[in-house]
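The structure appears right after this line, and notes come after that.
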Ligand code: ANZ
Ligand code: ZN
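In this note's numbering, the protein residues as written are -14 to 788.
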């Protein structure tokens, strides 16, 4: 026997799978479909990271297992290739981003192929391909035509280093998600998508999908639904009123002053009345430099300026209240103004303490009299007229009732979610397919003229005034109006990277279609995605955006389901051996190519699955890599002692059945690590015997195959098993053979013992039921009668009542 040499084996099988089209998914099949999806990579210049193969292998396991279980499996791959790093590289090295992308894709592809994933390469998509972005533009046009895309002058998050506008989701801790520079505000005219119109549905429909709980929670928190009231406060000596949003209308008798956002329009409107308008304007200028994130930080020093000369009136007790501006009130939330209740709100309390504003307690609790008291579950209303004596929850209801009765305001639901800033002033993105005509306004490009191609430009550099480089291409910008034929100008902003990834899983179902984003039949057959795995960092970005687009496509009849993904799981990161994030500067980067080269792809795959719990971060360990390689060498050696027999070795039978059960279960639950541990211990048991039957090995190879596909296919051939491993069936286990300590359990029908079964002493009710039902007598006794009741007394008796 030759020694284990992955270099020969792995290339051989990768080529075979390619030529054989082993993993090609057909759009028509008698088999049941299964759609497994991983987040398609951004082909950066750095090449594949060792973090990539972790989720890819996990779902490769599912995909390979499903094929052996007889499903028609779609496991596709493609490239999310628009975006800043490529563009920045292109600018720096003066190479067209298209060329940069091509090179990066080629490199990624080679790397992915060397790891042996069972992707259907025939369905490869690339978001920067005109035949792909034609449909991204098409979807945008539908959004536009349905009033869900609009242009708005608004203060946006602006990264001064990337010179680009960012969505809220792209700002992390007040910094640009890409480069880490502090984000500032800039007023710009931007295309916006009305994701807020879908806020409630994006929450509600989470009930219908199988997502890991923390993903659901993060999405809900991001959407940030709250219930409360909008209340009008008259501005003294005017006909005007200030509107506020509050979740605590119960505390209105404790409101002692008002705060409006520094950007609030009432300042401009009453600038002649505001005695200290210069001071106010200075403050406004200071605030403009800060991000919303900085402004909403809880424990930062409160600042503000009183609007001298303006007063508000509390509509319920007619008390006069000063009006302040402070940066802790954001223009972008609620009404951009609040009633401040210092006794029961943390920030208001800090502010009032610093600026000597009145504090009126309106909730009394038994436990403590300390202020601010923000507890809403205990306490009784005081100093609050008709609310006195109520608890907080009832007081909220009552306050809203009275406010509505007296027409001072109304109940209101609010969401933290903002509309999606959809414009980027960059080159390397999908052109927004709209034309501006002085007569007709914004006019969509004719659908038959899609795609609007990215023109060749001389420089990809964003302009200093924040316009897209496309704006300098006069010949491209100047066009005619699709509606009236007069001269008009193209939109020069491009789409954000999240556009192409919001629908790519649909394109995979029919990637070469040039008449539609995919055919109805293909979409109806393959969607929804059965299992989607991706990073937690995408929960409030890609996952939310793509759910939104999908719901829209559902509304206009393009897709048959409300939700794109039935199931969503998430993986942890692979860290450096020092437990820190891998990065060049920390010198802890591992290149997957080196691992494949030195140990083989099967070792890399096995290691990345064995490294720890899938959802958790895990540090890299060279020792464990070597351990994984040793394990495969020991598997390889099993060939030496194989004898011809289609039966399991008697002494191993129970262990094999148990291992089938455990591995099958663990693969389904992203617990490949414990599945591998079980396979390792079965190997140890194998090695207690001199001989191993072909059948023992056959099952073993099938079980190990999803993790280590090359070595198992090869051994299948070398020991002379029939055909190819990838065309076999997933092994089955016999529950009764997985049991160690068996007891005899009588099975009663309506009180009469009819037969007995063997089950483990501590088998669960489900297991006993399963064994009882698989007994040949079961059907005789049940016949077509109805089972009314089943009682299992553990280890003693199983009684079935039938009627
Ligand atoms: C009075 C009050 C009393 C409040 C009290 C809270 C506690 P969530 O739950 O996050 O929706 N608020 C409203 N608009 C704001 C804005 N534009 N900028 C900053 N803060 C704003 O928060 C709702 C609460 O946040 C509102 O309820 C309001 O303060 C504040 F004991 O009103 B509350
Ligand atoms: Zn026109």
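Virtual Cβ for every residue (Gly too), placed ideally from N, Cα, C.
This structure is a prediction, so every number in the text was calculated from the model and none was measured.
The alpha helix (DSSP H) runs lying completely inside the segment 79 to 112 and spanning 4 residues or more are 82 to 98, given in chain order.
Our two residues, residue 341 and residue 307, have alpha carbons roughly 12 Å apart in a direct line. As a beta-bridge residue in DSSP terms, residue 409 pairs with 479. One Cα belongs to residue 170, the other to residue 176, and the distance between them is close to 16 Å. Counting C-beta pairs closer than 8 Å gives fewer than three between the segment 420 to 434 and the segment 486 to 500, which falls short of the contact rule. If you check the C-beta of residue 241 against the ligand ANZ, you find no heavy atom less than 6 Å away. Between residue 29 and residue 70, the C-beta gap is smaller than 7 Å, which places the two residues in contact.
By the criterion of a C-beta distance shorter than 6 Å, residue 694 is surrounded in its chain by 101, once the five residues flanking it on both sides are discounted.
Contact between the segment 660 to 677 and the segment 600 to 611 is not established, with fewer than three Cβ pairs separated by less than 8 Å. It is roughly 8 Å from the alpha-carbon of residue 748 to the alpha-carbon of residue 779. Judged by DSSP in its simplified three-state form, residue 37 adopts coil rather than helix or strand. Cα atoms of residue 282 and residue 712: separation of roughly 58 Å, rounded to the nearest angstrom. Runs of the alpha helix (DSSP H) spanning 4 or more residues and lying entirely within the segment 745 to 786 occur at 750 to 759 and 763 to 767, in chain order. In the DSSP assignment, the residues bridged to residue 161 are 156. An exposed status is given to residue 391, since fewer than 16 other beta-carbon atoms sit within 10 Å of its beta-carbon. Less than 7 Å divides the Cβ of residue 559 from the Cβ of residue 603. Contact between the segment 108 to 117 and the segment 466 to 473 is absent, with fewer than three C-beta pairs closer than 8 Å.
For a cut-off of 8 Å, the C-beta gap from residue 777 to residue 750 is around 5 Å, short enough to register as a contact. Taking one beta carbon from each stretch, the segment 554 to 568 and the segment 210 to 220 have fewer than 3 pairs nearer than 8 Å; the two do not touch. For residue 305, the pairing in a beta bridge is given by DSSP as 298.
The alpha carbon of residue 39 has as its nearest neighbour, out of 586, 565, 126 and 124, the alpha carbon of 586. Counting only runs of 3+ residues, the beta strand (DSSP E) found wholly inside the segment 494 to 551 occupies 516 to 520, in chain order. DSSP, reduced to helix, strand and coil, places residue 185 within a helical segment of the structure shown.
Per the Cβ contact rule, the segment 379 to 390 is not in contact with the segment 311 to 321 (fewer than 3 Cβ pairs under 8 Å). Three or more beta-carbon pairs drawn from the segment 426 to 442 and the segment 113 to 125 are found closer than 8 Å, and the two stretches are therefore classed as touching. Distances taken from the Cβ of residue 377 to the heavy atoms of the ligand ANZ include none shorter than 6 Å. When the alpha-carbon of residue 550 is set against those of 19, 2 and 785, the nearest one is in 19. Residue 344 is a Cβ neighbour of residue 337, given a cutoff of 7 Å. Annotation for residue 624: -14, 700, 703 and 704 place their beta carbon closer than 7 Å to its own, counting only its chain and skipping 5 residues before and after.
Between residue 516 and residue 10 a beta carbon distance of about 15 Å is seen, past the 8 Å cut, so the two are scored as non-contacting. Taken through DSSP and simplified to helix, strand or coil, residue 131 comes out as coil. Residue 105 counts as buried, since no fewer than 16 other beta carbons sit within 10 angstroms of its beta carbon. Take the alpha-carbon of residue 160 and the one of residue 140: they are about 16 Å apart.
Shown in chain order are the residues whose CB sits closer than 5 Å to a heavy atom of the ligand ZN: 422, 424, 425, 466, 468 and 469. Not one heavy atom of the ligand ANZ falls within 6 Å of the beta-carbon of residue 131.
Here the alpha carbons of residue 635 and residue 526 stand approximately 54 Å from one another.
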